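S.K.: If you're matching them up, the sequences are chains A and B in order. Under this note's numbering, read the first sequence as residues 1 to 492, first letter to last. Under this note's numbering, read the second sequence as residues 493 to 984, first letter to last. One structure, as structure tokens, below. Some questions next.
2 protein chains.
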Amino acid sequence: MGREIRKVAIVGGGVIGAAWAARFLLNGIDVAVFDLDPEVERKTLEVVANARRAQTRLHGAALPAEGKLTFAGSVAEAVADADFIQESLPEREDLKQRVLAEVDAAMPAHAVIGSSTSGLLPTKLQNGMQRPDRLVVGHPFNPVYLLPLVEVCGGDQTSLETIDVASALYTRVGMKVLHVRHEIDGFIADRLLEAVWREALWLINDGIATAAEIDDAIRFGAGLRWSFMGTFLTYRLAGGEAGMRHFLHQFGPSMEWPWTKLVGPKLTDELIDTVAAQSDDQAAGIGLREYEALRDSCLVDIMHALERNDFASGAVAKAYRTSLQGKEAVTLGSDCGDGHLLTQHTPVMPEWIDYNDHLTEWAYLKLFGDATDVVLARIGAGPDYVATGFSFYTVETHIRHLGQARLGQKVEVRTRVLGSDGKRLHLSHEMTNLDSATLIATAEHMLVHVDAKAEKSAPAPQHIAQAMQGLAAAQQHLAPPDGAGRSIKMPG
Amino acid sequence: MGREIRKVAIVGGGVIGAAWAARFLLNGIDVAVFDLDPEVERKTLEVVANARRAQTRLHGAALPAEGKLTFAGSVAEAVADADFIQESLPEREDLKQRVLAEVDAAMPAHAVIGSSTSGLLPTKLQNGMQRPDRLVVGHPFNPVYLLPLVEVCGGDQTSLETIDVASALYTRVGMKVLHVRHEIDGFIADRLLEAVWREALWLINDGIATAAEIDDAIRFGAGLRWSFMGTFLTYRLAGGEAGMRHFLHQFGPSMEWPWTKLVGPKLTDELIDTVAAQSDDQAAGIGLREYEALRDSCLVDIMHALERNDFASGAVAKAYRTSLQGKEAVTLGSDCGDGHLLTQHTPVMPEWIDYNDHLTEWAYLKLFGDATDVVLARIGAGPDYVATGFSFYTVETHIRHLGQARLGQKVEVRTRVLGSDGKRLHLSHEMTNLDSATLIATAEHMLVHVDAKAEKSAPAPQHIAQAMQGLAAAQQHLAPPDGAGRSIKMPG
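Next up, the structure:
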């Protein structure tokens with residue numbers, strides 16, 4: 001497959017284009033944006049800031065160093081040295097055809113174009129291009145910097161290589177590629193969304209329910225399931241032990257029941273007034289930006305929830321983060337330069353804060369525990385070793401709280417080995433708030449090597465014992481850490 | 493509003509009926525189940541076990557003591573002393589009418605009937621009842637013991653009191669009531685689901701996409717949003733600064749586009765074969781029970797994720813848990829009988845375990861920290877006090893790990909106050925695994941009273957100082973806790 005993609009041009013910098021820009025930038029890809037809107041720079045930067053906040057919550061320190069963002073004065077300037085072009089213009093076939101021909105004429109020979117169209121046919125968009133084989137549809141979903149789905153659909157003249165290049169790029173930036181194998185208006189996703197939308201408009205048109213009621217009918221019921229299981233798997237489960245075939249046979253007669261209106265209502269001025277007014281009521285005075293932030297926060301937390309189950313978009317997020325390994329700006333387990341090991345480096349995540357917005361008590365131990373895991377990996381006792389039936393257990397912990405860290409502030413843990421007798425491992429961690437440049441906590445741990453099956457302590461194998469003693473010896477020149485060996489008591 | 497509901501009869505004990513039984517039981521309501529299936533007892537108990545696991549993960553120790561489950565030999569026996577009857581028979585109008593008349597004849601005068609029908613009209617179901625005013629539709633969604641949505645819809649003869657009684661009961665058991673104000677086939681939710689289902693069947697019928705692809709088109713895109721925002725709020729955000737009205741005007745022409753088939757395909761044997769085979773492929777050999785457990789686990793984690801945002805079904809779960817306060821089987825902050833305070837009592841939650849299925853390191857400190865919060869509430873320094881700008885901060889912690897706890901095992905923390913000087917509070921916690929009856933960890937904490945605005949320590953006000961010293965004095969007769977005052981060191 002072709003060369004690595006280092007630069008992407010965004011042609012059309014609205015809500016969708018700006019979010020594409022953010023997704024590429026946050027993956028270390030340079031981006032040039034072109035849009036006729038004189039405010040394109042301000043708007044793009046706002047979206048990139050939202051995306052950075054959300055992706056940092058989702059993936060933490062795993063993200064690579066960001067790419068460089070520039071704004072171009074013309075289509076030709078934007079695409080001149082781009083490896084990939086993402087077109088996100090308004091949904092007008094004639095407009096897209098005209099600009100795509102312009103892109104085609106100015107882009108490098110190896111470049112590929114992805115179109116964000118939500119339903120126009122690529123075979124038609126290719127009309128008028130000199131190299132129609134280089135165009136493919138890459139249809140994303142709002143917010144593009146968080147939702148994984150991208151529908152990839154080629155036209156009659158699209159080459160297989162073009163489909164491969166686009167799919168590889170989208171996968172690289174954390175997305176889930178759905179190959180639309182047959183060109184059809186609305187592809188797959190928007191046909192389903194459109195069915196819901198048309199039926200929902202009928203319900204308002206006929207005065208059956210309001211916008212808020214219709215939304216509640218989704219989000220408190222089927223919508224909760226749809227975040228990880230689609231209609232078919234859901235109905236398979238509903239069919240129970242009798243199975244899908246039995247379920248379908250039961251369903252047969254109901255296909256004749258008048259349970260959908262099956263055509264969209266005419267969008268008269270009156271219906272538009274009604275829907276717009278109900279939408280205002282539903283929003284209850286909460287502003288657009290506030291809802292966007294809430295939406296992003298919910299999406300991140302849901303993806304984390306699904307990641308805990310290694311399922312659906314949680315599995316995509318996990319695979320993506322794994323793919324980023326080794327690309328982080330900082331390498332855990334490496335020497336800090338002063339003899340300590342760097343064992344944690346992360347912004348304070350929202351799930352770690354208390355009602356005062358501070359890093360909460362247990363999260364200190366989570367970070368110290370993760371720091372201990374970094375040391376264990378360094379001495380050859382990481383997950384692969386644990387899988388063999390041996391492990392280190394923490395038997396004793398002493399934490400001192402000296403300061404605080406707030407949501408989003410960067411914290412770092414540095415670690416030294418105070419001693420080891422070949423079975424025990426005595427560690428000292430120091431946690432620094434990098435934003436305030438203050439030491440905020442220390443931890444001292446005693447760990448013991450155990451045979452997990454026998455459930456008793458056992459000497460570590462020689463290579464691990466040597467690694468522990470090697471680290472302790474290398475760090476012996478460091479001054480004894482403040483507070484080590486301390487016990488808790490009331491001042492006298 | 494009528495008397496308290498103490499007993500519910502479930503008429504029709506299939507997947508839906510059994511899950512209703514579980515929801516009521518877990519809320520301390522007695523349940524009698526009637527179904528002709530000779531295996532009803534085994535099947536119901538399986539569903540109740542799933543529900544108990546899921547609700548315990550969702551709400552922990554907040555749930556009240558469970559109600560009593562019985563199985564009745566007839567409809568008349570089941571409903572004879574019931575305050576509420578939930579009918580969950582197959583979706584056949586004639587069958588439901590016949591059994592509802594039977595229920596009506598045998599139930600107490602004050603009782604109310606909720607029908608689980610997903611789309612039959614209550615006005616028709618009331619036909620043939622002596623007291624048609626007592627019937628209302630309460631349409632739930634699978635799995636009923638987790639999804640909050642219930643559509644409540646009265647028929648022409650349903651009384652307002654009946655609607656109120658049913659709505660209050662459903663709310664009490666943690667559900668979100670959606671009042672369907674106009675009787676319509678399929679109510680609100682199933683009209684939307686049916687639109688998706690019919691379009692999805694067309695996509696398979698026409699060979700455009702497979703069951704797995706269609707499911708992916710939902711769960712990696714719009715489905716993620718739908719777990720907390722419906723179509724209207726989503727499109728409001730998509731409309732951006734221009735607003736909903738502008739968005740609708742733009743959308744107008746597309747209503748004419750052929751983006752839905754708008755009628756369901758005929759469910760021929762051939763189409764049924766195709767869908768059933770694709771569903772088998774999608775399930776990839778994973779069994780029904782395994783998928784159900786995965787589904788429940790995802791739903792619980794998603795509701796927790798939304799609760800962190802105090803939004804959508806997360807807000808419902810939070811309000812429900814608040815409504816349960818004071819009904820827990822165990823009261824935190826009370827005396828254990830031996831002078832210690834009972835400060836935690838909970839099963840080990842899935843989010844607290846490590847790769848070995850054991851309670852993980854940081855979760856010990858979470859439980860000890862929560863135990864400290866119980867002590868603070870007891871001495872008058874709970875959340876209300878924190879809101880006044882004062883608080884206690886932990887400055888030092890010493891933990892000893894002596895044993896382990898596995899997923900689902902019950903653990904308890906008992907606490908004593910070792911001392912207080914009116915500003916500092918010295919605590920000792922002991923964590924016991926109740927299932928193995930062993931002490932698994934101890935923690936010693938030093939806390940300091942602080943003026944949070946000034947960011948410095950300050951003497952506690954007199955009522956708190958007295959409460960601290962009172963507890964310390966009352967517990968002075970207890971033997972000194974093992975390990976207190978210890979420091980970490982290598983054995984000599």
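Heads up, the beta-carbon is just placed ideally off N, CA and C, and yes, glycines get one too. In this text the structure is predicted, and so the values were computed from the model without any measurement.
In terms of alpha-carbon separation, which member of Asp-164(A), Glu-91(A), Gly-380(A) lies closest to Ala-465(A)?
M.R.: Looking up residue 465(A) in the first sequence gives position 465. For Ala-465(A), the nearest C-alpha among the options comes from Gly-380(A).
S.K.: Taking 8 Å as the threshold (beta carbon to beta carbon), is Leu-970(B) in contact with chain A?
M.R.: For the purposes of this step, residue 970(B) is taken as residue 478 along the second sequence, with counting starting at 1. Leu-970(B) does not count as touching chain A.
S.K.: Which residues, in chain order, does the stretch 577-598 of chain B contribute to contact with chain A at a C-beta distance below 7 Å?
M.R.: Per Cβ criterion, the list is empty.
S.K.: Mind checking the stretch 920-939 of chain B against chain A and listing, in chain order, the residues whose C-beta falls within less than 8 Å of any C-beta there?
M.R.: If the cut-off is 8 Å between Cβ atoms, the stretch 920-939 of chain B has Glu-936, His-937, Met-938 near chain A.
S.K.: On a Cα-Cα basis, can you pick out the residue from Trp-197(A), Val-150(A), Ala-22(A) that is closest to Val-30(A)?
M.R.: Here residue 30(A) refers to the residue found at position 30 of the first sequence. With the sequence shown as reference, residue 30(A) is identified as Asp, and Val is not the correct amino acid for it. Closest by alpha carbon: Ala-22(A).
S.K.: Measuring only between beta-carbons, confirm whether Ala-392(A) sits less than 8 Å from chain B.
M.R.: Working through the first sequence from its first residue, we reach residue 392(A) at position 392. The amino acid at residue 392(A) is misidentified as Ala; the sequence shows Phe. Not an interface residue.
S.K.: Check whether the stretch 789-796 of chain B touches the stretch 540-554 of chain B, taking contact to mean three or more Cβ pairs, one atom from each stretch, closer than 8 Å.
M.R.: These segments touch.
S.K.: Just how far apart, CA to CA, sit Asp-524(B) and Glu-583(B)?
M.R.: The count along the second sequence starts at 1 and reaches residue 524(B) at position 32. The count along the second sequence starts at 1 and reaches residue 583(B) at position 91. This sequence places Ala at residue 524(B); Asp is not what is there. Cα to Cα, the separation comes out at about 21 Å.
S.K.: Apart from the five residues on each side of it in sequence, which residues of its chain come closer than 6 Å, Cβ to Cβ, to Cys-828(B)?
M.R.: As a position in the second sequence, residue 828(B) is number 336, starting the count at 1. Cβ neighbours of Cys-828(B) beyond the five flanking positions: Leu-834, Arg-906.
S.K.: Enumerate, from N- to C-terminal direction, the unbroken alpha helix (DSSP H) stretches of 4 or more residues contained entirely within the stretch 373-411 of chain A.
M.R.: Counting whole runs of 4 or more residues, the stretch 373-411 of chain A contains the alpha helix (DSSP H) stretches 383-386.
S.K.: Identify the contact partners of Phe-633(B) in chain A, using a Cβ-Cβ distance below 7 Å as the criterion.
M.R.: As a first step, residue 633(B) must be located in the second sequence, where it is residue number 141. Residues of chain A passing the Cβ test: Gly-221, Ala-222.
S.K.: Can you pull the DSSP bridge partners for Asn-27(A)?
M.R.: Translated into positions along the first sequence, residue 27(A) becomes position 27. Bridge partners of Asn-27(A): none, in fact.
S.K.: Okay, do the stretch 907-924 of chain B and the stretch 451-464 of chain A touch, 3+ Cβ pairs below 8 Å being the bar?
M.R.: No, the stretch 907-924 of chain B is not in contact with the stretch 451-464 of chain A.
S.K.: What residues match up with Ser-920(B) in a beta bridge as DSSP calls it?
M.R.: Here residue 920(B) refers to the residue found at position 428 when the second sequence is read from its first residue. Per DSSP, Arg-908(B), Glu-936(B).
S.K.: Per DSSP, which one or two residues make a beta bridge with Phe-34(A)?
M.R.: Here residue 34(A) refers to the residue found at position 34 of the first sequence. Note: Phe-34(A) sits in a beta bridge opposite Val-11(A).
S.K.: Can you name, in chain order, every residue of its own chain whose Cβ lies under 7 Å from the Cβ of Val-1004(B), other than the five neighbours on each side?
M.R.: Outside the displayed span of chain B (493 to 984) sits residue 1004(B), for which this structure offers no information.
S.K.: Thinking just about the alpha-carbon of each residue, which of Asp-974(B), Thr-889(B), Ala-944(B), Ala-965(B) is nearest to the one in Met-938(B)?
M.R.: Indexing the second sequence from 1 puts residue 938(B) at position 446. Of the listed residues, the one whose Cα sits closest to Met-938(B) is Thr-889(B).
S.K.: What do you reckon, are the CB atoms on Gly-67(A) and Phe-24(A) nearer than 8 Å?
M.R.: Reading the first sequence from its first residue, position 67 is the one you call residue 67(A). Reading the first sequence from its first residue, position 24 is the one you call residue 24(A). Yes, the pair counts as a contact, with Cβ atoms nearer than the cut-off.
S.K.: Output the boundary residues of the beta strand (DSSP E) element that contains Leu-833(B).
M.R.: As a first step, residue 833(B) is located in the second sequence; it is residue number 341 there, counting from the start. Element bounds for Leu-833(B): 833-839.
S.K.: Can you pull out the residues from the stretch 276-299 of chain A whose beta carbon lies closer than 8 Å to at least one beta carbon of chain B?
M.R.: Those residues of the stretch 276-299 of chain A that come within reach of chain B (Cβ to Cβ, closer than 8 Å) are Ala-276, Gln-278, Ser-279, Asp-280, Gln-282, Ala-283, Leu-288, Tyr-291, Glu-292, Leu-294, Arg-295, Ser-297, Cys-298, Leu-299.
S.K.: On a CA-only basis, which of Leu-146(A), Gly-154(A), His-345(A) is nearest Pro-132(A)? Give me that one, please.
M.R.: Within the first sequence, residue 132(A) is the residue found at index 132, counting from 1. When only C-alpha atoms are compared, the closest one is Gly-154(A).
S.K.: Please classify Asp-421(A): does DSSP put it in a helix, a strand, or coil?
M.R.: Here the question's residue 421(A) lines up with position 421 in the first sequence. Asp-421(A): coil per DSSP, three-state reduction.
S.K.: Do the stretch 190-205 of chain A and the stretch 723-730 of chain B meet, that is, are 3 or more Cβ pairs less than 8 Å apart?
M.R.: The stretch 190-205 of chain A vs the stretch 723-730 of chain B: in contact.
S.K.: In whole angstroms, give me the CA-to-CA distance for Leu-193(A) and Ser-74(A).
M.R.: Taking the first residue of the first sequence as 1, we reach residue 193(A) at position 193. Taking the first residue of the first sequence as 1, we reach residue 74(A) at position 74. Their backbone Cα atoms lie some 35 Å apart in a straight line.
S.K.: Between the C-alpha atoms of Ala-363(A) and Gly-630(B), what's the straight-line distance to the nearest angstrom?
M.R.: Counted from its first residue, the first sequence places residue 363(A) at position 363. Counted from its first residue, the second sequence places residue 630(B) at position 138. Going by the C-alpha atoms only, they are around 43 Å apart.
S.K.: Helix, strand or coil: how does DSSP classify Ile-605(B) here?
M.R.: Counted from its first residue, the second sequence places residue 605(B) at position 113. The answer is strand: DSSP assigns Ile-605(B) an E or B state.
S.K.: Three or more beta-carbon pairs under 8 Å between the stretch 770-780 of chain B and the stretch 700-708 of chain B, yes or no?
M.R.: Touching, yes, given that three or more Cβ pairs across the two stretches are closer than 8 Å.
S.K.: Residues bridged to Lys-668(B) by DSSP?
M.R.: As a working mapping, residue 668(B) is identified with position 176 in the second sequence. Note: Lys-668(B) sits in a beta bridge opposite Leu-641(B).
S.K.: Using a beta-carbon distance cut-off of less than 7 Å, what residues from the stretch 664-681 of chain B approach chain A?
M.R.: Within the stretch 664-681 of chain B, the qualifying residues are Lys-668, Leu-670, His-674, Ile-676, Asp-677, Gly-678, Ile-680, Ala-681.
S.K.: Span of the beta strand (DSSP E) holding His-358(A)?
M.R.: Working through the first sequence from its first residue, we reach residue 358(A) at position 358. Note, His-358(A): premise wrong, no beta strand (DSSP E); not H, not E.
S.K.: When the cut-off is 8 Å and only beta carbons count, does Lys-318(A) lie next to chain B?
M.R.: Along the first sequence, one-based indexing puts residue 318(A) at 318. Taking Cβ atoms only, chain B never reaches closer than 8 Å to Lys-318(A), which makes this a no.
S.K.: By Cβ distance below 7 Å, which residues in the same chain neighbour Met-1(A) in space, the five residues on each side in sequence not counted?
M.R.: By one-based count along the first sequence, residue 1(A) stands at place 1. Low confidence applies here, because Met-1(A) scores a pLDDT of 45, under 50, leaving its location unreliable and the question unanswered by this model.
S.K.: Please name the residues in the stretch 374-389 of chain A whose beta-carbon is closer than 8 Å to at least one beta-carbon of chain B, in chain order.
M.R.: Flagged, chain order: Pro-383, Val-386.
S.K.: Can you pull the chain A neighbours of Ala-959(B), defined as C-beta to C-beta under 8 Å?
M.R.: Position 467 of the second sequence holds residue 959(B). Residues of chain A passing the Cβ test: none, with the nearest at roughly 18 Å.
S.K.: Using the C-alpha atoms, what's the distance from Leu-617(B) back to Leu-592(B)?
M.R.: As a working mapping, residue 592(B) is identified with position 100 in the second sequence. As a working mapping, residue 617(B) is identified with position 125 in the second sequence. So the two alpha carbons sit approximately 8 Å from each other.
S.K.: Nearest chain A C-beta to Ile-794(B) closer than 8 Å, yes or no?
M.R.: For the purposes of this step, residue 794(B) is taken as residue 302 along the second sequence, with counting starting at 1. Output row for Ile-794(B): interface = yes.
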